[in-house]
Amino acid sequence: MLRSVSAIRYVTPLREGGSLPALVEADDDGLYVVKLRGAGQGEKALVAEVVVGELGRALGLAVPEIVLVELDRELAAAEPDPEIKELIEASSGLNVGLDFLPRALTYSPATGDDPAPELAADVVWLDALTENVDRTPRNPNLLTWHGRLWLIDHGAALYRQHAGLDPQTARGPFEAVRDHVLLPCAGSISEADDRLAERVTPDLLARILDAVPSAWLGGAAPGDYVTWLATRLEDPRAFVAEAEGARG
Numbered sequence: 009m010l011r012s013v014s015a016i017r018y019v020t021p022l023r024e025g026g027s028l029p030a031l032v033e034a035d036d037d038g039l040y041v042v043k044l045r046g047a048g049q050g051e052k053a054l055v056a057e058v059v060v061g062e063l064g065r066a067l068g069l070a071v072p073e074i075v076l077v078e079l080d081r082e083l084a085a086a087e088p089d090p091e092i093k094e095l096i097e098a099s100s101g102l103n104v105g106l107d108f109l110p111r112a113l114t115y116s117p118a119t120g121d122d123p124a125p126e127l128a129a130d131v132v133w134l135d136a137l138t139e140n141v142d143r144t145p146r147n148p149n150l151l152t153w154h155g156r157l158w159l160i161d162h163g164a165a166l167y168r169q170h171a172g173l174d175p176q177t178a179r180g181p182f183e184a185v186r187d188h189v190l191l192p193c194a195g196s197i198s199e200a201d202d203r204l205a206e207r208v209t210p211d212l213l214a215r216i217l218d219a220v221p222s223a224w225l226g227g228a229a230p231g232d233y234v235t236w237l238a239t240r241l242e243d244p245r246a247f248v249a250e251a252e253g254a255r256g
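Be aware that the sequence shown starts at 9, since it is given in my numbering, and climbs by one per residue.
Take a look at the structure:
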C-alpha cells in the first residue's frame with residue numbers, strides 16, 4: 009500500500025512538464041512533486057504513475073517514493089495565476105505525489121555520464137513493457153541524484169488505457185522504443201528480459217493495482233491491467249525483439 013499524506017502548503021508550480029505538476033509541502037514535513045488529477049490526461053495518468061513507478065521499484069530501479077496526496081481546494085485561495093488556481097480547485101481530493109529530490113540534475117546523454125549498460129537495458133525493458141512514450145532525448149524523465157539514476161514521470165505510459173486495455177493489443181512491439189534516450193548506451197535487452205520478466209508475476213501486478221484508488225480506473229477493473237500486462241509478457245515478447253533490433 010502507498011502512504012497517504014495531506015498537502016498543507018502549495019509551494020510552486022513546476023513548469024517543466026505540460027501537466028503543470030505542483031511542489032507541495034505535506035503534513036509529514038515532506039516536499040512532494042504532485043501530479044494533479046485535474047490536469048490534461050486526468051486520473052488515468054495517475055494510474056500510470058503508480059503502476060509503472062511501483063513496478064520499476066519492484067524491479068530494483070530507483071524511483072522516488074510515491075504517495076497519495078490529499079489536496080484541499082482551499083490551497084488555491086492564495087494563488088494569483090488563474091490557470092493554476094483553476095487546476096488546484098479541479099484537483100481537490102486524492103492525487104499522486106513523488107518525493108522531491110532536492111538539487112537533482114536532469115540526465116542528459118550530452119554529458120557523457122551514461123548509466124551502466126545493464127541498468128540502461130533494464131530501464132529500456134521496463135519502458136518497452138509499459139509502452140512509455142516519454143523517455144526521449146528531448147524529455148528523458150530521468151534524474152541523477154546522489155550518484156544514482158532516478159526514474160520519474162510515468163504518466164504517459166500505459167497509453168492504451170485511455171481507449172481500454174484490450175488484451176488483443178498487448179502482444180505487439182513497441183516501435184517508439186527506437187527513440188528511447190538510453191538505447192544508445194544500453195546493453196542487451198534480451199539479457200534484461202532474462203533478468204526481469206519472471207519477476208513480473210500476476211501476484212506482483214495485482215498487489216500494485218491494489219494500491220490504485222478504484223475511482224481512478226474509470227470503469228476498468230484492476231484485473232484488466234493485470235491481464236493486459238501479463239499477456240504482454242507471454243512468449244514470444246515482441247517488445248523485446250523490437251528493442252533489441254533497435255539497439256542494433
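Heads up, the beta-carbon is just placed ideally off N, CA and C, and yes, glycines get one too.
For T152, the secondary structure class from DSSP, reduced to helix, strand or coil, is strand. For G253, the uninterrupted alpha helix (DSSP H) run begins and ends at 246-255, by DSSP.
In this structure, Y18 keeps its C-beta atom at 8 Å or more from the C-beta atom of V41. With a 10 Å radius around the Cβ and a threshold of 16 neighbouring Cβ atoms, L217 comes out buried. A distance below 6 Å between beta-carbons, with the five flanking residues on each side excluded, links A214 to the following residues of its chain, in chain order: V234. Counted as a single uninterrupted DSSP element, the alpha helix (DSSP H) harbouring P210 occupies residues 210-218. Taking C-beta separations shorter than 6 Å and ignoring five residues to either side along the sequence, the partners of S12 in its chain run L76, following chain order. In the three-state reduction of the DSSP assignment, I74 falls in the strand class, which pools E and B. Distance from the CA atom of G256 to the CA atom of V208, rounded to whole angstroms, is 26 Å.
Scanning its chain for C-beta atoms nearer than 6 Å, with the 5 sequence neighbours on each side dropped, one finds around A238 the residues P210, in chain order.
Separation of the CB atoms of L69 and D130 is rounded to 6 Å, and the pair is thereby assigned contact status at 8 Å. When L113, R245, V220, D201 are compared, the shortest CA-CA separation from G155 is found for L113. Taking the Cα of S100 as reference, the smallest distance to any Cα among A118, Y115, R81, K93 is reached at R81. In this structure, the straight-line span from the alpha carbon of L127 to that of A47 is close to 32 Å.
Under the three-state reduction of DSSP output, L28 falls in the coil class, being neither helix nor strand. L137 places its beta carbon 8 Å or farther from that of L150. Membership of G105 in the beta strand (DSSP E) is indicated by the continuous run 101-107. Within the same chain, H162, G163, A165, L166 come within 6 Å of A56 by CB-CB distance, once the 5 residues on both sides are set aside.
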